[in-house]
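Protein chains in written order, with my numbering: chain A, 13 to 272; chain B, 13 to 272.
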């Protein structure tokens, strides 16, 4: 796809971490195609729980699997962060107007953001100065129903394309699972400080030796109404502006006082 | 190792992302043993570039490879984040006084923090309310020389044990590579907004098809003197207080104004 500044159609790069065949990315593609020129670069394999992994020990390979007017699709052996690098530097060779990632099968709200491959792709784009949004549905099943999300995904993406995003800021959007009630709307939130507790299911192997499955339950001690967890528990779509500058500025003077 | 509140010796959990056999973790173990009771949980495999990956699709296995007075060492098939979970929940069954991770072979300064398995372990501990520090050396070689780092690693760890860290804050410490000149001291910094550019070396396979190696150069446009990159380029040890709350608070009102 060549850069064409004369057209008004925005160029949209799509990736995810559930592999190119997941229902979530298929939904996202169907929602993005009416909005602009779409390039998809996604992994052939599920990359969930890969965090912000990048591939440095093996070479990356990519192949085109679809080419239609205003639409190209590639699969590769990379992580979500790799997909963004490949999409911008190898496929497009210019910066798209926006990167959208997802729709993830499962929540990336609260502390899940830091484990998320979906959001790693978004942060990668953000570092590169490209507006970027991660979308996730609060339903882990690969058969998840995405039929209620269209208007929210489209509205948020349209606004981000039209207005851009502040330097160093991207969006983490989570969507409630489908229920009898339509979502109540969209809430702009902060990340809840929830965390996973009692995380292992330990078992004995029939031939000896124990092994441990990562599991556990999610606990949120912060009951304030401005968090993403609160919004989602009350059937709102949550939007958290996210940054890749992890500096805890409020702690700099405390550590300086250590007189190291 | 059992919890013993009557002793004054702090319990120190050590992990890394270069595997249990790396020179960096061996150095860190040698520096921590005089400071308290040490438990090591590290991966058998190199986990560099794994970001904040966690293992959800395969069970975790762990075995004890050393047991001495005030010292236990385990290896496992998990990522650095998994190692912290295993160490606190399966091995110790209580929270250690501190988690230290590293010493990584290679920089985790600036934006590298978000790709870092070393720092993922630190953030994991921080989420769990445990003071935690990641140490990294600006030398990628597995033969890296760590002989100049002792006083800095020990001083920073001792202060963190004695004073604790603010809620939700951990430390990202980077150490200059060895040179003819001793490091000038320790600087408390913010994360530099540097980034990787021109990241692929693309080649043609002899049997056809191209492949791409992730490579490139690191660029820092921010020449201010309060960043970790500046400190390291001037032969200081850098200490950045880091948080896992990624909310871009300054952008919340901007996004609210979108009237979604």
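All C-beta atoms in this analysis are idealised placements derived from N, C-alpha and C, irrespective of residue type, glycine included.
Bridge-paired residues (DSSP) for residue i
i	result
residue 253 of chain A	A:183
residue 198 of chain B	B:249
residue 88 of chain B	B:55, B:74
residue 24 of chain B	B:50, B:110
residue 208 of chain A	A:230
residue 146 of chain B	B:113, B:184
residue 259 of chain A	B:254
residue 239 of chain B	B:202
residue 79 of chain A	A:84
Within-7 Å CB hit, residue i to chain B
i	result
residue 173 of chain A	no
residue 234 of chain A	no
residue 256 of chain A	yes
residue 87 of chain A	no
residue 123 of chain A	yes
Proximity below 7 Å, CB of residue i to CB of residue j
i	j	result
residue 156 of chain A	residue 217 of chain A	no
residue 41 of chain B	residue 28 of chain B	no
residue 272 of chain A	residue 144 of chain B	no
residue 243 of chain B	residue 199 of chain B	yes
residue 146 of chain A	residue 191 of chain A	no
residue 188 of chain B	residue 247 of chain B	yes
residue 111 of chain B	residue 84 of chain B	no
residue 99 of chain A	residue 165 of chain A	no
residue 148 of chain A	residue 119 of chain A	yes
residue 259 of chain B	residue 252 of chain A	yes
residue 202 of chain B	residue 239 of chain B	yes
residue 132 of chain B	residue 93 of chain B	yes
residue 137 of chain A	residue 96 of chain A	yes
residue 142 of chain A	residue 107 of chain A	yes
residue 210 of chain B	residue 228 of chain B	yes
residue 49 of chain A	residue 76 of chain A	no
Neighbour list for residue i in chain A, Cβ cutoff strictly below 7 Å
i	result
residue 148 of chain B	Going along chain A, no residue has its Cβ under 7 Å from residue 148 of chain B, so there is no contact; the nearest lies around 14 Å.
residue 263 of chain B	178, 181, 253
residue 198 of chain B	272
Contact list for residue i against chain B, beta-carbon separation under 9 Å
i	result
residue 29 of chain A	Those do not exist, as residue 29 of chain A stays about 11 Å from chain B at its closest Cβ, beyond 9 Å.
residue 118 of chain A	By Cβ distance, chain B contributes nothing, its closest Cβ being about 10 Å from residue 118 of chain A, past 9 Å.
Minimum Cβ-Cβ distance from residue i to chain A less than 7 Å
i	result
residue 137 of chain B	no
residue 245 of chain B	no
residue 166 of chain B	no
residue 259 of chain B	yes
residue 203 of chain B	yes
residue 34 of chain B	no
residue 126 of chain B	yes
Minimum C-alpha distance to residue i - residue among the options
i	options	result
residue 261 of chain A	B:254, B:82, B:220	B:254
residue 35 of chain B	B:74, B:23, B:256, B:58	B:58
residue 234 of chain A	A:207, A:212, A:142	A:207
residue 205 of chain B	A:105, A:252, A:140	A:140
residue 184 of chain B	B:239, B:258, B:45, B:250	B:250
residue 223 of chain A	B:210, B:103, B:154, B:151	B:103
residue 23 of chain B	B:225, B:212, B:109	B:109
residue 90 of chain A	B:269, B:226, B:201, B:49	B:226
residue 44 of chain A	A:194, A:169, A:201	A:169
residue 179 of chain B	B:256, B:81, B:263	B:256
residue 82 of chain A	A:160, A:47, A:213	A:47
residue 105 of chain A	B:86, B:212, B:25, B:130	B:212
residue 159 of chain A	A:76, A:30, A:39, A:71	A:39
residue 270 of chain B	A:71, A:176, A:228, A:264	A:176
residue 72 of chain B	B:245, B:78, B:79, B:87	B:87
residue 154 of chain A	A:30, A:134, A:229, A:127	A:30
Listed by chain order, chain A residues near residue i by CB distance under 9 Å
i	result
residue 152 of chain B	Within 9 Å Cβ-Cβ: nothing; residue 152 of chain B doesn't reach chain A, min ~11 Å.
residue 115 of chain B	Here the premise fails: no neighbours, minimum Cβ distance about 17 Å.
Contacts of residue i in chain B (Cβ-Cβ under 7 Å)
i	result
residue 266 of chain A	178
residue 223 of chain A	71, 72, 73
Contact set between residue i and chain A, taken where Cβ atoms lie within less than 8 Å
i	result
residue 207 of chain B	139, 140
Under 8 Å by beta carbon: chain B residues contacting residue i
i	result
residue 102 of chain A	212, 214, 224
residue 97 of chain A	211, 212, 226
Below-7 Å beta-carbon distance, residue i vs any chain D residue
i	result
residue 55 of chain B	In summary, chain D is missing from the structure at hand, where the protein chains are A and B.
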